[in-house]
Structures are given as C-alpha cells and as structure tokens.
Amino acid sequence: MLESDPFNIVEGMIIAAFAIGAGHGFYYIRAEYPLAIKRIQNALAQCRKAGLLGRNIMGSGWDFDMEVRLGAGAFVCGEETALIRSIEGERGQPKVRPPYPTVKGLWGKPTCINNVETFANISAIINYGGEWFANQGTADSGGTKVFALAGNVKHTGLVEVPLGTPLSKVVFNIGGGVKDDKALKAIQTGGPAGGFIPASQSEMEVDFGPLSKAGSIMGSGGMIVLSEDDCMVDLSKFYLSFTQEESCGKCTPCREGTTRMLEILEKITSGRAVLEDLDKLERLARLCQQTALCGLGRAAPNPVLSSLKNFRDEYREHIVEKKCKAKKCVALIRYQIDPETCIGCTVCARNCPVECISGQRKTAHLIDQERCVKCGQCFEVCRFDAVERV
83 MLESDPFNIV EGMIIAAFAI GAGHGFYYIR AEYPLAIKRI QNALAQCRKA GLLGRNIMGS
143 GWDFDMEVRL GAGAFVCGEE TALIRSIEGE RGQPKVRPPY PTVKGLWGKP TCINNVETFA
203 NISAIINYGG EWFANQGTAD SGGTKVFALA GNVKHTGLVE VPLGTPLSKV VFNIGGGVKD
263 DKALKAIQTG GPAGGFIPAS QSEMEVDFGP LSKAGSIMGS GGMIVLSEDD CMVDLSKFYL
323 SFTQEESCGK CTPCREGTTR MLEILEKITS GRAVLEDLDK LERLARLCQQ TALCGLGRAA
383 PNPVLSSLKN FRDEYREHIV EKKCKAKKCV ALIRYQIDPE TCIGCTVCAR NCPVECISGQ
443 RKTAHLIDQE RCVKCGQCFE VCRFDAVERV
C-alpha cells in the first residue's frame, strides 16, 4: 500500500487528523523498506506543494503536516507504546497501560495510532458510505483484509478477501491448493505470534473472533499453508525462537518464559525430552500468555499452545519414539544406504564432508552412523535413490 498507492494513505491520515483535531502525523516505517519510504516522502512533498499539507490547508485555518520516522526493525515496536518510545528516540519497550496513548501518548500528548491498512480504508468509506463497507464483511467485522499468502501453496502473494471468507477458500480457490498436491496439514495465521489451525478446521471464517477462539490471531495478515511434509514441533520452535530473540526483555514472563520454552522445544527436537516436559511447556506457555506486559509476550506462546492442542501426538512421537515423521528435526533422522539399490558409483562418498561413507567401487557402500553429521549431502547427490532418510 505504501509503495503502490501512497496518496491513499496520505489522504486517509489527513481525514483522520481533521476529524480528531490532530496537528502532526508520523509514518513509522522500517528502514529495510527503502521503496516505501521514498514513495511516501515523495507523496508528502507533492501534497505540501499542492497546499494539502502544512499551514492553513486549503484556506481552512487548519494546520497539519506529516513526517517519516524510521524504525530499526524491532518486532516489539509493533506494540503501540513501544512504537511511541522508539519515535521519541528511546529504546523500544512497552509501558503499562493505562494511561492509553489516546490520553497520554507521543511526548505526553494524546495520540491516535492505527496501521496503514486502516487508514487506507478511510477514503473508500467516505466515497461509498459506511453501510457499503460494513456489507463487505461479517456482522461483527466489516470490510476486507489483506493477507500475505505463503508456504506450501501453489500461488503465493498478497490477496484481499472480505472478512468472513473461509480459510479453505483462500487456500484452494485463490491459492490454487497445496503445492505438489500434498495433503493440507494446517494453516498458520498472524505471523510469528499466530497459531496453527488444523486442516479439520479449514472451513473456519477469517474473522477476529473465530481465529482468537482457535488460539490464533489476525495479526498483520500473514497466512502460511502447511502440508503433510511439515513438522509442527520444529515450526513451533522456529516461531518461538524468533519471538524470544525479539523480546525487549523488560518483563520477566516474556524474557524468561520464552527462553525456557525454547529450551524445552530444543530438548524435544533433539530427542532428549521426557513426557513430563510437555506439561512444563504448556504451563510455562499459559503463564507467559496471562502475565506478560505487552502483546508480544502474550501472543508468543500461541504457536506452542495451538500445536500442543491439535498435534500433541506429534510431540509424543518425538519424545517416545525419537522420531520425526516429517523428517525435519535433524537430530531424529538418519541416513542409510540400501545395499540392493546401491551400485557403488562412489558419488556419495566423494561428496561426504566428513568422509563417513565407506565402500569399494561397484559394491554397496555403508554410512558410519557415529561419524555422520546428518548434513544430507549423500541423499541429495545420489542419482539412484539408494540413500534413504529414515
């Protein structure tokens, strides 16, 4: 939106500012998005030149201007009070609310914070009316939502659908279905702090209420399609490692809770965990969810809790059988050579980085499991499918 239609966002913010009597506006954009920054700055310059920003706009006696502030990419600055501190030049850490930003925000002044998608809707509502906008969604949530459709889906990209659209319609009608026609396993919404919705619930409507009840969130609009080849335990660890790293460290439940949860997940994926660890993991996740200071800490356990709820058998398989069915957890897989299929071409041995494959030319080769580092190079280079990943 910032890159392709910047004037729509500018117009939405001008209207919002006039409605609430604001005198100054800010765009808080990550520095990693240079094209968005360039186009918004260009749009602001043109609006000032046309008299749509600055002093005495269009002879109304109302003064309003906007500027761009760059963020360093801290995930926690998606939380409004942390964002305010970042604009003020402070470290991006959340504050206890109340007072809310609408009462005491940027530099102690009343501040209205909304995302780009919200401001982009304002001009459409003005032009077509509130009733038209409300008819685009559900009774509880009007309008549309933009999603970044990604993962194991045939057609990835940005899609916009009315709120209330079934998840299955987004994945199969718009996304073309699961890549390589694999079975749908789950859909993850809401970015790193979102939850996993199993395939059995794929008819769920895209709406704030249903997603929240399912242990997920709408978030910034991420939608990741997961197939039968994905490991829910490994994915939970992946998302939690991100939120743990992005935690600002201000509150103990988030700082320590995410770290301890990540340690347990690493034990599970490396084959060192016991079943009692699942109870510890769930208890820690709920504690963090209920006591963290800001939205990051409260939402960080979502991937863990939703995967434990819907895919607990997969966790038990990792712990009891020391097995990862999806073959994603490196410590729980091993490579072996089928002596009936191996023709002794020596390609695997020549490509092994630790030289743990032995055997003469034209005879079946053997992998020394003690020395194998499970890099998978032998599996990749074998042209006869003699190397098996089990």
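Heads up: the sequence shown begins at 83 in my numbering, then just goes up one per residue.
Ideal placement from N, C-alpha and C gives every residue a C-beta, glycine not left out.
Values in this document were obtained by computation on a predicted structure and should not be read as measured data.
{"Query": "Whole-angstrom Cβ separation of P176 and L375, contact assumed at under 8 Å?", "Result": "6 Å"}
{"Query": "Any idea which residues DSSP pairs P248 with across the strands?", "Result": "E287"}
{"Query": "Please determine, among G224, I169 and T238, the residue with the shortest C-alpha to C-alpha distance to A230.", "Result": "T238"}
{"Query": "Please report the straight-line C-alpha distance between Q459 and F466, rounded to a whole angstrom.", "Result": "14 Å"}
{"Query": "Measure the alpha-carbon distance for R365 versus K319 and round it to whole angstroms.", "Result": "16 Å"}
{"Query": "Compare the C-alpha of S329 against each of R173, D147 and N196 and name the closest.", "Result": "R173"}
{"Query": "Can you give the Cα-Cα distance for L144 and R121, rounded to whole angstroms?", "Result": "In the sequence as displayed, the identity of residue 144 is Trp instead of Leu. Straight-line Cα distance between these residues: approximately 25 Å."}
{"Query": "Note down the Cα distance separating K407 from G276, rounded to an integer number of angstroms.", "Result": "23 Å"}
{"Query": "What's the gap between the Cα of K444 and the Cα of R398?", "Result": "42 Å"}
{"Query": "Using only alpha-carbon positions, find the residue among M148, V288, E345 and D147 that is nearest to P248.", "Result": "V288"}
{"Query": "Compute the distance between the beta-carbons of E161 and G331, then report whether it is under 8 Å.", "Result": "no"}
{"Query": "Quick one: using the 10 Å Cβ neighbour count with 16 as the cut-off for buried, is H447 buried or exposed?", "Result": "buried"}
{"Query": "Pull up the distance between the alpha-carbon of G105 and that of G190, whole angstroms please.", "Result": "14 Å"}
{"Query": "Check the Cβ-Cβ distances between I401 and every residue of chain D, and say whether any is below 8 Å.", "Result": "Any reference to chain D falls outside this structure, which holds one protein chain only."}
{"Query": "When the Cα of I425 is compared with those of N203, G258, A468 and S282, which residue comes out closest?", "Result": "A468"}
{"Query": "Between which residues of its own chain and S205 is the CB-CB distance below 8 Å, once the five residues before and five after are set aside?", "Result": "N90, E93, G94 and I97"}
{"Query": "Considering only their Cβ atoms, is the gap separating G155 from A118 smaller than 8 Å?", "Result": "no"}
{"Query": "Taking only the alpha-carbon atoms, compute the straight-line gap between V253 and K264 and give it to the nearest angstrom.", "Result": "13 Å"}
{"Query": "Is it buried or exposed, V455, if we count other Cβ atoms within 10 angstroms and call 16 or more buried?", "Result": "exposed"}
{"Query": "How would you write the range of the beta strand (DSSP E) that L266 sits in, first residue to last?", "Result": "L266 to T271"}
{"Query": "Can we say the segment 299–317 touches the segment 267–276, given the rule of at least three CB pairs closer than 8 Å?", "Result": "yes"}
{"Query": "What do you get for Y321, buried or exposed, if any count of 16 or more other CB atoms within 10 angstroms of its CB means buried?", "Result": "buried"}
{"Query": "Given C474, which residues of its chain have a CB within under 7 Å of its CB, disregarding the five upstream and five downstream residues?", "Result": "Given a span of 83 to 472 for the chain in the structure shown, any question on residue 474 remains unanswerable."}
{"Query": "What is the DSSP secondary structure of F471, counted as helix, strand or coil?", "Result": "In the sequence as displayed, the identity of residue 471 is Arg instead of Phe. DSSP places R471 in strand when its eight states are reduced to three."}
{"Query": "What did DSSP end up calling T226 once you bin it into helix, strand or coil?", "Result": "strand"}
{"Query": "Cα-Cα, which of S440, G291 and A413 is closest to P421?", "Result": "S440"}
{"Query": "Starting from the C-beta of P435, find all residues in its chain whose C-beta is less than 8 Å away, skip the five residues before and the five after it, and write them out in chain order.", "Result": "V455, C457 and Q459"}
{"Query": "State whether the segment 137–151 contacts the segment 339–359, with contact taken as three or more CB pairs (one from each stretch) at a distance under 8 Å.", "Result": "no"}
{"Query": "In this structure, does DSSP put A156 in helix, strand or coil?", "Result": "coil"}
{"Query": "Cutting at 6 Å between CB atoms, please list the residues of its own chain near R342, excluding the five before and the five after it.", "Result": "L366"}
{"Query": "Kindly identify the DSSP beta-bridge partner or partners of A232.", "Result": "I306"}
{"Query": "Quick one: what's got a C-beta closer than 8 Å to R130's C-beta in the same chain, skipping five residues either side?", "Result": "G136 and D147"}
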